[in-house]
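Below: the structure, in structure tokens.
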Amino acid sequence: MIGHITMWNLTCAHHFNVWIDVKPAKGHRVLMQSYAGSIWSGMDYYQNDAGIVLVETTISQTRFGERGTPLAGRCRQAMQYGDSIDAVVRVLGDGNNGLYTNEWLLADTKTNEIAMFELGTYKTKLWRSSKNEWFGGTEGFYWGCNNEKDTETRLESIAGVEGRPADVVFKPSDRDMAWLRLFKARRGSIDAGFGFEAFTTAPLAASHSIDAKFTTTALAGELKSVGVFGPPIPRSWEPTPHERQSDTHIRPLVPNDWTLLGAAVDFGASGDARPTLVVADASPALGDQEDDEPENADALASGSSPARTASRRR
């Protein structure tokens, strides 16, 4: 399985409950969690009809490559035209401008291969299950939580060698340790049950989590994922007194039920579209809000693959 959880800020959270289904004239069908009007996920969760699943965790910002291209375009292109881990990695790294530095987790459900790709501006590191390349001895498992593992990529984030020395040694955070504990406890049996457990376990999940989503090889084969919008633990995310004072439109983000996410439209042999939409957010509809409430966006997303990957973004 492969999954992702998002932690950002409450002001923007309500805009990310959109599940986008793109059927382009050329390339692969792409499903992703996003926000209204977006051409890319922005929420770090993609899957396509070639069996590729892609998730991301943000790592320390590396330098800017002024001749490079933005991540939004490269992500969309990688998933629209990528049919293998090699193809996706190549597009993500081609013409990279370095902004929004990432650690990508990838899965090819056709070949049962998984990979972890740290992408700095000029330095990269790719671990692949097909080559038996693992970090920290976690055979069969990759994880990410805003903490780069490759020394060369980490060095790229250091502004200079003068002044206060920088420590570039990987040190596991509380969330890294949580992933490792889960891996050791469930080694050999990482399945959908592992996804539900991981994304409802602190500190991997919290009341200030925007969502959680994951998929498995079987679900990905049907372009489906399982997700929840709102905190994946049974507690609402309440604004702080300061947030309420500075933004009168801010409101709590409430937990929802886990939902099966898939293609929003079934394209039959004739090409006719047959909508099969399901509401996945229990937030009040616009007509049910008070006059001073803003319009709500939409949303949900996560990743999928063979049997063993997990990611998270701050």
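Letter by letter, the sequence shown follows residues 24 to 337 of the numbering used here.
Think of the CB as a built atom: it goes at the ideal place given N, C-alpha and C, for glycine as much as any other residue.
Only a predicted model underlies this, so the values are computations on that prediction, with no experimental measurement involved.
Asked, Found
"On the DSSP letters alone, give me the boundaries of the beta strand (DSSP E) that Lys-236 sits inside.", "234–238"
"Does chain C have any CB closer than 7 Å to the CB of Thr-239?", "Any reference to chain C falls outside this structure, which holds one protein chain only."
"Assign Ile-82 to buried or exposed, taking buried as 16 or more other Cβ atoms, counted over all protein chains shown, within 10 Å of its Cβ.", "buried"
"What does a CB cutoff of less than 8 Å around Ile-181 pick up in its chain, not counting 5 residues either side in sequence?", "Ala-189 and Val-191"
"Could you tell me which of Lys-236, Pro-262, Lys-172 and Pro-257 sits nearest to Val-78, measuring between CA atoms?", "Lys-236"
"Mapping DSSP to helix, strand and coil, what is Ile-43?", "strand"
"Please list the terminal residues of the continuous alpha helix (DSSP H) segment that includes Leu-129.", "Unbroken run through Leu-129 is the beta strand (DSSP E), 125–131; no alpha helix (DSSP H)."
"If I measure Cβ to Cβ from Thr-144 and keep anything under 8 Å in the same chain, skipping five residues before and after, which residues do I get?", "Thr-85, Arg-86, Phe-87, Gly-88, Gly-91, Asn-119, Asn-120, Gly-121, Thr-124 and Glu-179"
"Whose C-beta lies closer than 8 Å to the C-beta of Arg-99 among residues of the same chain, with five residues either side of it excluded?", "Val-53, Ile-62 and Trp-63"
"Under three-state DSSP, which class holds Arg-209?", "helix"
"Please name the residue in Thr-176, Ser-248, Trp-281 and Pro-255 whose C-alpha comes closest to that of Ile-340.", "Summary: the structure shown does not reach residue 340, with the chain confined to residues 24 through 337, and so no result is reported for it."
"Identify every run of the alpha helix (DSSP H) within the region 127–184, keeping only runs that are complete inside it and at least 4 residues long; order them along the chain.", "174–179"
"Which residues mark the beginning and the end of the beta strand (DSSP E) in which Gln-70 is found?", "68–71"
"According to DSSP, simplified to helix, strand and coil, what is Phe-219?", "helix"
"Report yes if the C-beta distance between Ile-28 and Phe-222 is below 7 Å; otherwise report no.", "yes"
"In whole angstroms, what separates the C-alpha of Asn-155 from that of Ala-138?", "10 Å"
"Buried or exposed for Gln-268, please, with buried defined as at least 16 other CB atoms from any protein chain shown within 10 angstroms of its CB.", "exposed"
"Does DSSP put Glu-266 in a helix, in a strand, or in coil?", "helix"
"Just list the residues that DSSP pairs Gln-103 with in beta bridges.", "DSSP, once it has assigned bridges, lists no residue as partnering Gln-103."
"Between which two residues does the beta strand (DSSP E) containing Ile-25 stretch?", "25–29"
"Bridge partners for Phe-252 per DSSP, in chain order?", "Asp-234"
"Gly-132 and Gly-244 look like a contact to me (Cβ under 8 Å); what is the Cβ gap, rounded to whole Å?", "Checking the sequence, you will find Thr at residue 132 rather than Gly. At roughly 6 Å, the Cβ-Cβ gap stays under 8 Å, so Thr-132 and Gly-244 are in contact."
"Run through DSSP, which three-state label would Ile-82 get?", "coil"
"Leaving out the 5 sequence neighbours to the left and right, which residues in its chain are closer than 6 Å to Ala-286 when beta-carbon positions are compared?", "Asp-44 and Leu-246"
"Below 6 Å CB to CB, which residues in the same chain sit around Trp-127 once its five sequence neighbours on both sides are set aside?", "Glu-79 and Phe-140"
"According to DSSP, which residues form a beta bridge with Asp-273?", "Inspection of the sequence shows that residue 273 is occupied by Ile rather than by Asp. In DSSP, Ile-273 forms no bridge with anything."
"Is any non-hydrogen atom of the ligand COA found closer than 6 Å to the C-beta of Phe-193, if you look at the structure I gave you?", "You won't find the ligand COA in this model; it holds no ligand whatsoever."
"Tell me, which residues are paired with Asn-119 by DSSP?", "Thr-92"
"In this structure, what does DSSP give as the bridge partners for Leu-283?", "Val-249"
"Just to confirm my understanding: we take Ile-273, look at its own chain, exclude 5 residues before and 5 after, and list those with CB closer than 7 Å. What are they?", "Leu-33, Thr-34, Pro-262, Glu-266 and Arg-267"
"Here's a check: name, in chain order, each residue in its chain whose Cβ is nearer than 7 Å to the Cβ of Met-55, leaving out the five neighbours to either side.", "Ile-43, Ser-64, Tyr-68, Tyr-69 and Ala-324"
"Helix, strand or coil: how does DSSP classify Val-351 here?", "Not covered by the structure: residue 351. The range shown for the chain is 24 to 337."
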